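Novice: In this text, residue positions in the sequence shown follow UniProt numbering: the first is 1, and each later residue adds one.
Every residue gets a Cβ at the ideal spot worked out from N, C-alpha and C, and that includes glycine.
All values reported here derive from a predicted model rather than from experimental measurement.
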Amino acid sequence: MTGTEGRGFLLRSAPDGPWAGWAGSRFLEEGLASVHAAPGRALARLMNLVALLPGGFGLIWDHPPAWMQALPAESRQGWWEAITAIPRLSLHLGPEAAQQLPGGAFRAWLHTPEMPEGPLGEHWRQGVVGWVPRSGAAWHLPDLGVATPGDEAPPGWLWGEATLALSALSTVASGEALIAAMSEAQGAAERGLAQRMAAAAWVELPFSRRAIGWRLSLVGGTEYQRAGGTWPAALGQLRALKALLQERLRAPIHLGACGNFQVAAILGRQALREGHPWRASLPLPPAPGAFSPGLAADPREAVPLEARAMQPPSWPETLDHPPVALLRVPAIPPEAGARTLLGQIAPPPALRWLPPELPPPGPFDPDRPWAPANAFPFPADPGNGVQRGLFEDLG
Numbered sequence: 001m002t003g004t005e006g007r008g009f010l011l012r013s014a015p016d017g018p019w020a021g022w023a024g025s026r027f028l029e030e031g032l033a034s035v036h037a038a039p040g041r042a043l044a045r046l047m048n049l050v051a052l053l054p055g056g057f058g059l060i061w062d063h064p065p066a067w068m069q070a071l072p073a074e075s076r077q078g079w080w081e082a083i084t085a086i087p088r089l090s091l092h093l094g095p096e097a098a099q100q101l102p103g104g105a106f107r108a109w110l111h112t113p114e115m116p117e118g119p120l121g122e123h124w125r126q127g128v129v130g131w132v133p134r135s136g137a138a139w140h141l142p143d144l145g146v147a148t149p150g151d152e153a154p155p156g157w158l159w160g161e162a163t164l165a166l167s168a169l170s171t172v173a174s175g176e177a178l179i180a181a182m183s184e185a186q187g188a189a190e191r192g193l194a195q196r197m198a199a200a201a202w203v204e205l206p207f208s209r210r211a212i213g214w215r216l217s218l219v220g221g222t223e224y225q226r227a228g229g230t231w232p233a234a235l236g237q238l239r240a241l242k243a244l245l246q247e248r249l250r251a252p253i254h255l256g257a258c259g260n261f262q263v264a265a266i267l268g269r270q271a272l273r274e275g276h277p278w279r280a281s282l283p284l285p286p287a288p289g290a291f292s293p294g295l296a297a298d299p300r301e302a303v304p305l306e307a308r309a310m311q312p313p314s315w316p317e318t319l320d321h322p323p324v325a326l327l328r329v330p331a332i333p334p335e336a337g338a339r340t341l342l343g344q345i346a347p348p349p350a351l352r353w354l355p356p357e358l359p360p361p362g363p364f365d366p367d368r369p370w371a372p373a374n375a376f377p378f379p380a381d382p383g384n385g386v387q388r389g390l391f392e393d394l395g
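1) Could you check how far apart the C-beta atoms of Leu255 and Leu319 are, in whole angstroms? I think they sit under 8 Å.
2) Going along the chain, which residues of its own chain have a beta-carbon closer than 6 Å to the beta-carbon of Leu238, five neighbours each way excluded?
3) Name the residue from Pro299, Phe261, Glu96 whose alpha carbon lies nearest to the alpha carbon of residue 475.
4) Assuming Ala350 contacts Val329 under a Cβ cut-off of 8 Å, what Cβ separation, rounded to an integer in Å, is found between them?
5) Using only alpha-carbon positions, find the residue among Ser170, Val303, Ala373 that is nearest to Gly229.
6) Which class does Glu114 belong to by DSSP, given the choice of helix, strand or coil?
7) So Leu282 packs on Gly289, CB below 8 Å; how close in whole Å?
8) Where does Met182 land, buried or exposed, given buried means 16+ other C-beta within 10 angstroms?
9) Starting from Gly294, trace the beta strand (DSSP E) both ways and give me its first and last residue.
10) Excluding five sequence neighbours on each side, which residues of the same chain lie with their C-beta closer than 6 Å to the C-beta of Ala271?
11) Comparing C-alpha positions only, which one of Asn374, Ile86, Leu28 sits nearest to Asp62?
12) With distances taken from CA atoms, which of Met197, Glu161, Gly40 is nearest Ala185?
13) Count the C-beta pairs between the region 300–316 and the region 39–53 that are closer than 8 Å, then say yes if the count reaches three, no if not.
14) Would you mind stating whether Trp214 and Pro18 have Cβ atoms separated by less than 7 Å?
15) Compute the Euclidean distance between the alpha carbons of Phe9 and Ile345, then round it to the nearest angstrom.
16) Runs of 3 residues minimum, wholly inside the region 237–310: which ones carry the beta strand (DSSP E) assignment?
17) I need the boundaries of the beta strand (DSSP E) containing Ala98, first residue and last residue.
18) Rounded to whole angstroms, what's the CA-CA distance from Pro347 to Ser292? Just pull it up for me.
19) Name the DSSP bridge partner or partners of Gly127?
20) If you draw a straight line from the alpha carbon of Pro155 to that of Leu59, how long is it in whole angstroms?
21) Any idea what DSSP makes of Phe376, helix, strand or coil?
22) DSSP three-state label for Gly8, please.
23) Go to Gly362, then tell me how far its alpha helix (DSSP H) extends in each direction, as first and last residue.
24) Can you list, in chain order, the residues of its chain whose CB lies under 7 Å from that of Arg107, leaving out five sequence neighbours each side?
25) Please report how far the alpha carbon of Leu141 lies from the alpha carbon of Arg273, in whole angstroms.
26) Which one of Pro334, Phe378, Pro366 has the shortest CA to CA distance from Met115?
27) Among the candidates Arg269, Val203, Ala265, Ala177, whose CA atom is the shortest distance from the CA of Leu249?
28) If you draw a straight line from the alpha carbon of residue 403 to that of Glu190, how long is it in whole angstroms?
29) Report buried or exposed for Pro322, applying the criterion of at least 16 other Cβ atoms within 10 angstroms of its Cβ.
30) Among Ala38, Val50, Gly3, Gly40, whose alpha-carbon lies nearest the alpha-carbon of Ala20?
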């Protein structure tokens, strides 16, 4: 991985190939009779691919449901556990495939128009899968981009990811410094990829030059609002910046939020170290000088659920894929509580619950640790939910 730190932004890319990518699951069977016949070879192909992509890979499971029904429950569970144990891989499922999910902890995203209910809702509220509100036929992949709609999802690629602090948006909005850094990184990656392909060191997955783009991601939404920024102004600047980048780079731009804790901290330390004007939006010492990941409140802080899940009301008109809200709770939320929360957030982001049985995601920052699970507010259930007592921990 290579990194370029500019004034208010951080650019990450790979030295000799794409930074990240996604594809439909049927590419696993190319050259094989089926995944059933050679599951080990299919997993090896997937692992070799993910090893080349430091930014991660999204596997869109577009096999027909009959593929899952042909396997016993234990074999299905073993297959999902083997896939989701691969580092930097995210699994994306439609409602048809998700119906066949057995128990177990999977790093998967469920794409459905409405909030999951029934057995799928149990999996979702237990933290087994996350939920992405799906609108239309396209796959909107959190932290990656937008996959072209179709019966079989074609491969898509990213040259890299440029992350900028929202408080620095007015400075970065001209785009010149950002375009120069992205062009240099793209040229280096293309030259390295040409050598890799000439040496037959690329995986068996079609690579299309026209299908490769960039991801533009955002951090510091809380600090931006604290400094008096307004979402209409920011979203207007982002749309203009995206159009400029697409015109100058002649590549698709996937605009979204960045949930990477390390990147947000790097941009905060840069603002303080170099004395940028937007350092005033950061919290005062002794609080660590780091931006919050994404557009809502930091998921590590024990603040109300609404603050951690609330996103700009018009984000679907600007962002290409939904922001991710990690909601840590002291117990598995009831269905009525989840529905009440969604009634207060319109439109909802991609939601993943983190009950205490699941460890929070890393990396872990000693300056900004995760608050204990029992310190987080419990989602209200208007029916039969139980609110924690005020003096419950003192007994």
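Specialist: In brief:
1) 5 Å
2) Thr318
3) Since the first residue shown for the chain is 1 and the last is 395, residue 475 is missing from the structure and cannot be characterised.
4) Not quite, the Cβ-Cβ distance comes to about 17 Å (not below 8 Å), so this is no contact.
5) Ser170
6) coil
7) 5 Å
8) buried
9) Segment: none, Gly294 is in no beta strand (DSSP E) and carries neither H nor E.
10) Trp278, Arg279
11) Leu28
12) Glu161
13) no
14) no
15) 29 Å
16) 253–257
17) Counting along the chain, Ala98 falls outside any beta strand (DSSP E), though it belongs to the alpha helix (DSSP H) covering 95–98.
18) 21 Å
19) In the DSSP output, where bridge partners are listed per residue, Gly127 has none listed.
20) 10 Å
21) coil
22) coil
23) Taken as a continuous stretch (DSSP letters only), Gly362 belongs to no alpha helix (DSSP H), as it is neither H nor E.
24) Thr84, Ser90, Leu91
25) 34 Å
26) Pro334
27) Ala177
28) The question about residue 403 has no answer here: the residues shown for the chain are numbered 1 through 395.
29) buried
30) Val50
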